[in-house]
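Below: one structure, written as structure tokens.
There are 2 protein chains.
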Amino acid sequence: MNGQTFELLILGSGAASPTAKRNPSAQLLNIVERYFLIDCGEATQMQLRRYKAKMQKINHIFITHMHGDHFYGLPGLLSTMQLLGRKNPLHIFGPKELRPVIEVILEASESRLNYELVWHYTHDNGLNLLFEDDKVKVSSFPLRHRIYCTGFLFQEKPLPRKINMDKLKKFKVSAAEIPKLKKGLDAHNDLGQIVKNNKLTTDPATPRSYAYCSDTISDRGVVPYIENVNLLYHEATFLSDNTKRAKQTFHSTAKQAASIAKRANVQKLIIGHFSSRYDSTVRFLSEARSSFRNTEIAEEGLTFKI
Amino acid sequence: MNGQTFELLILGSGAASPTAKRNPSAQLLNIVERYFLIDCGEATQMQLRRYKAKMQKINHIFITHMHGDHFYGLPGLLSTMQLLGRKNPLHIFGPKELRPVIEVILEASESRLNYELVWHYTHDNGLNLLFEDDKVKVSSFPLRHRIYCTGFLFQEKPLPRKINMDKLKKFKVSAAEIPKLKKGLDAHNDLGQIVKNNKLTTDPATPRSYAYCSDTISDRGVVPYIENVNLLYHEATFLSDNTKRAKQTFHSTAKQAASIAKRANVQKLIIGHFSSRYDSTVRFLSEARSSFRNTEIAEEGLTFKI
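Same order as they appear, the protein sequences are chains A and B. Under the numbering used here, the residue at position 188 of the first sequence is numbered 220, and the numbers go up by one with no gaps. Under the numbering used here, the residue at position 236 of the second sequence is numbered 268, and the numbers go up by one with no gaps.
Here it is as structure tokens:
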């Protein structure tokens with residue numbers, strides 16, 4: 033763990049048909065005060081309010097695919113951002129089919145936006161870098177679902193090496209050398225000698241990562257994209273008693289999600305997108321944990337910190 | 033009050049920007065087991081679940097206008113009805129602009145419906161009969177808002193006259209005459225004489241009615257359409273301290289809603305569509321009641337019986 037924020041708030045973890053207890057898919061990821069909204073099922077704006085999330089700080093929205101339980105909340109959220117006086121551009125990443133639909137809806141409801149929507153289209157040809165700044169990068173990767181669908185990988189960028197000031201003094205290296213040292217380069221000292229970087233610095237915290245896989249059939253092809261992430265969200269629409277149904281509908285069971293987590297050697301797994309046919313998540317948890325111990329339920333309102 | 037059901041369930045009573053406590057506009061009216069959904073703001077399907085309403089019994093949906101807080105919940109509701117196996121046709125009444133929008137959304141999200149959507153368009157030229165069966169009729173009427181908008185009037189049909197069996201015996205009128213008597217016609221008795229209807233029957237309960245007015249500027253032009261209804265819902269987006277703002281945005285204040293109720297001589301008024309700028313409804317109620325005593329707040333989850 034390093035000092036920078038990296039936390040995930042679950043806004044919805046139900047499947048296509050929401051229940052009174054469970055909203056459709058939506059999550060809010062905060063990496064170093066960048067707020068990424070991941071999927072935007074119906075009533076996501078209400079969920080943001082309920083959990084006192086900072087709606088207007090969201091500048092990037094990522095939509096996996098065009099099933100309604102993953103984007104029907106978008107028009108309402110965009111309208112509300114407008115009503116609340118938003119001026120900052122909003123970047124939306126998703127299938128190219130999303131833009132015309134949102135535009136038709138906004139136009140029909142006469143919701144003229146005073147802020148810019150910047151559209152970015154995902155594709156399903158391998159890992160696809162969508163966003164990058166000095167701290168974070170976000171990529172999409174293909175998932176196998178009934179229709180075109182991608183997952184998203186959120187990665188913290190490598191942190192600068194940690195400077196040991198005592199060692200700088202000892203080796204007579206001036207502060208002017210610090211930028212080079214942070215990057216991992218060697219330094220010159222006051223005597224004109226080269227001092228190896230590893231004598232003056234220590235390793236920074238390991239960059240953290242989060243992968244989001246919803247909706248998808250159980251597919252080992254996803255493993256290379258999500259390998260070794262700190263946190264994996266993988267859909268678990270069904271229990272093993274419905275493995276056949278899961279395959280037919282291009283969804284996964286809790287056991288399959290756990291198996292992917294294990295194979296990808298992730299640190300922690302959270303599961304969600306539960307079918308409304310199940311009243312409780314107890315069996316989801318026990319089924320997944322029997323294959324992958326460090327599993328949690330993506331309960332609405334929970335925050336997962338990395 | 034007669035023995036037939038006539039009750040209104042409030043599903044949402046917020047204005048354009050929903051809050052954690054208040055959903056956008058939606059109501060479910062049950063008249064003699066006909067379930068009419070009136071407006072369908074975002075998360076209406078969740079509200080139906082929350083209040084254990086019978087979603088699949090809804091066969092008629094009425095949409096006032098194309099602002100998002102009145103129809104953004106429709107695509108999700110239609111998809112869920114499909115997922116739950118609906119077969120019965122669903123009638124949707126609203127502006128003609130609604131159909132292409134809903135069709136684009138359903139098509140984009142690959143929500144093929146196995147039941148028929150039957151579209152009926154409202155118009156703003158006076159009272160417009162939209163639906164009629166043996167018990168109920170529903171009409172739209174024009175409202176004055178920023179965009180095209182109609183209200184809806186739900187009316188129970190006149191009930192048959194009540195037969196007094198003792199009087200039938202006394203005047204020697206046979207049971208075969210009852211159908212005529214129920215309609216208000218006179219009867220022949222066993223002696224071939226005419227017996228006046230009013231000697232054999234009593235008045236039935238007065239047919240009940242409900243009018244829905246959202247969204248609208250304060251407009252006396254609406255009075256002829258809603259005169260003498262048992263229950264009036266009138267929007268009250270603002271308090272009187274924002275009368276100017278109400279006018280600018282083509283909305284009403286609580287005082288104005290009460291004034292319309294009084295002028296239209298309605299029995300009871302409920303107000304809603306409260307702007308999210310107000311934390312509480314206490315002042316709405318006191319402001320309205322100072323002009324029209326029999327006012328209530330359209331709180332979510334409340335049922336109003338007529």
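Glycine included, each C-beta is placed from N, C-alpha and C at the ideal position.
Contacting residues, own chain, Cβ-Cβ under 6 Å from residue i (five flanking each side not counted)
{"i": "Thr335 (chain A)", "result": "Glu39, Leu41"}
{"i": "Ala85 (chain A)", "result": "Leu60"}
{"i": "Lys169 (chain B)", "result": "Gln187"}
{"i": "Ala243 (chain A)", "result": "Leu185, Ile258, Val261, Leu264"}
{"i": "Met33 (chain B)", "result": "For Met33 (chain B), the predicted model reports a pLDDT of 49, less than 50, meaning its position is unreliable; a value from the coordinates is still stated below. No residues qualify anywhere along the chain."}
{"i": "Lys337 (chain B)", "result": "Glu39"}
{"i": "Arg176 (chain B)", "result": "Thr248, Ile249, Asp251"}
{"i": "Phe324 (chain B)", "result": "Ala290, Ala293, Lys294, Leu301"}
{"i": "Leu69 (chain B)", "result": "Leu60, Ile90, Ile93"}
Residue i: contacting residues in chain A (beta-carbon distance under 9 Å)
{"i": "His99 (chain B)", "result": "Ser111, Ser141, Glu142, Ser143"}
{"i": "Leu41 (chain B)", "result": "Correct list: empty, because the minimum Cβ distance to chain A is about 14 Å."}
Chain-ordered neighbours of residue i on chain B, where CB pairs are closer than 7 Å
{"i": "Pro107 (chain A)", "result": "Gly100, Tyr104"}
{"i": "Val133 (chain A)", "result": "Val136, Ile137, Ala140"}
{"i": "Glu129 (chain A)", "result": "Ala140"}
Residues bridged to residue i [DSSP beta-bridge criterion]
{"i": "Ala243 (chain B)", "result": "B:Leu185, B:Leu264"}
{"i": "Lys169 (chain B)", "result": "B:Glu164, B:Gln187"}
{"i": "Gly305 (chain A)", "result": "Note that residue 305 (chain A) is His in the sequence shown here, rather than Gly. BP columns for His305 (chain A) are empty, so no partner."}
{"i": "Leu149 (chain B)", "result": "B:Leu122"}
{"i": "Lys337 (chain A)", "result": "A:Glu39"}
{"i": "Ala219 (chain A)", "result": "A:Val227"}
Status (buried if at least 16 other CB within 10 Å, exposed otherwise) for residue i
{"i": "Met113 (chain A)", "result": "buried"}
{"i": "Gly73 (chain A)", "result": "buried"}
{"i": "Asn55 (chain A)", "result": "buried"}
{"i": "Ile90 (chain B)", "result": "buried"}
{"i": "Ile288 (chain A)", "result": "It should be noted that the sequence gives Gln, not Ile, for residue 288 (chain A). That one is buried."}
{"i": "Pro190 (chain B)", "result": "exposed"}
{"i": "Ser172 (chain B)", "result": "buried"}
{"i": "Gln225 (chain A)", "result": "exposed"}
Contacts that residue i makes with chain A (C-beta to C-beta distance below 8 Å)
{"i": "Pro174 (chain B)", "result": "Correct list: empty, because the minimum Cβ distance to chain A is about 18 Å."}
Secondary structure of residue i, DSSP reduced to three states
{"i": "Thr327 (chain B)", "result": "strand"}
{"i": "Pro174 (chain B)", "result": "strand"}
{"i": "Met33 (chain A)", "result": "Because Met33 (chain A) sits at a pLDDT of 49, beneath the cut-off of 50, its placement in the model cannot be relied upon, and the following sentence gives the value as read from the coordinates. If DSSP states are grouped into helix, strand and coil, Met33 (chain A) belongs with coil."}
{"i": "Thr285 (chain B)", "result": "strand"}
{"i": "Glu164 (chain A)", "result": "strand"}
{"i": "Ala75 (chain A)", "result": "coil"}
{"i": "Arg344 (chain B)", "result": "The shown model of chain B, from 33 to 338, leaves out residue 344 (chain B), and the question about it has no answer."}
{"i": "His155 (chain A)", "result": "coil"}
{"i": "Ser126 (chain B)", "result": "The sequence as given places Gly at residue 126 (chain B); Ser does not occur at that position. Strand, per DSSP."}
{"i": "Lys316 (chain B)", "result": "A small fix is needed here, since residue 316 (chain B) is Phe in this sequence, not Lys. Three-state DSSP puts Phe316 (chain B) in a helix."}
{"i": "Gln280 (chain A)", "result": "helix"}
{"i": "Asn274 (chain A)", "result": "helix"}
{"i": "Val255 (chain B)", "result": "helix"}
{"i": "Asn229 (chain B)", "result": "helix"}
{"i": "Ile210 (chain A)", "result": "helix"}
{"i": "Lys201 (chain A)", "result": "helix"}
{"i": "Pro88 (chain B)", "result": "Here the sequence assigns Gln to residue 88 (chain B), which means Pro is not the residue at that position. Three-state result, Gln88 (chain B): helix."}
{"i": "Thr248 (chain A)", "result": "coil"}
{"i": "Lys294 (chain B)", "result": "helix"}
{"i": "His99 (chain A)", "result": "coil"}
{"i": "Ala140 (chain B)", "result": "helix"}
Cut-off 8 Å between Cβ atoms - residues of its own chain near residue i, not counting five sequence neighbours on either side
{"i": "Asn24 (chain A)", "result": "The question about residue 24 (chain A) has no answer, for chain A in this structure spans 33 to 338."}
{"i": "Lys214 (chain B)", "result": "Pro192, Arg193, Ile195, Thr233"}
{"i": "Gly105 (chain A)", "result": "Pro56, Ala58, Cys72, Gly73, Glu74, Ala75, Thr76, Gln77"}
Residue i: contacting residues in chain B (beta-carbon distance under 8 Å)
{"i": "Gln77 (chain A)", "result": "Pro50, Glu74"}
{"i": "Arg81 (chain A)", "result": "Pro50, Thr51, Ala52"}
Neighbourhood of residue i by C-beta distance below 7 Å, restricted to the same chain and skipping five residues each side
{"i": "Lys204 (chain B)", "result": "Asn221, Asp222, Leu223"}
{"i": "Leu149 (chain B)", "result": "Leu122, Ile124"}
{"i": "Ala330 (chain A)", "result": "Ile42, Ser45, Tyr265, Ile302, Ile303, Gly304"}
Partners in chain A for residue i, counting only beta-carbon separations shorter than 7 Å
{"i": "Lys115 (chain B)", "result": "Correcting the residue identity first, residue 115 (chain B) is Leu in this sequence and not Lys. The contacting residues are Ala48, Ser49."}
{"i": "Ile179 (chain B)", "result": "Glu142"}
Contact test: residue i Cβ vs the ligand ADP heavy atom, cutoff 7 Å
{"i": "Ser272 (chain B)", "result": "Absence of the ligand ADP from the depicted structure is noted, as is the absence of any ligand whatsoever, leaving it without description."}
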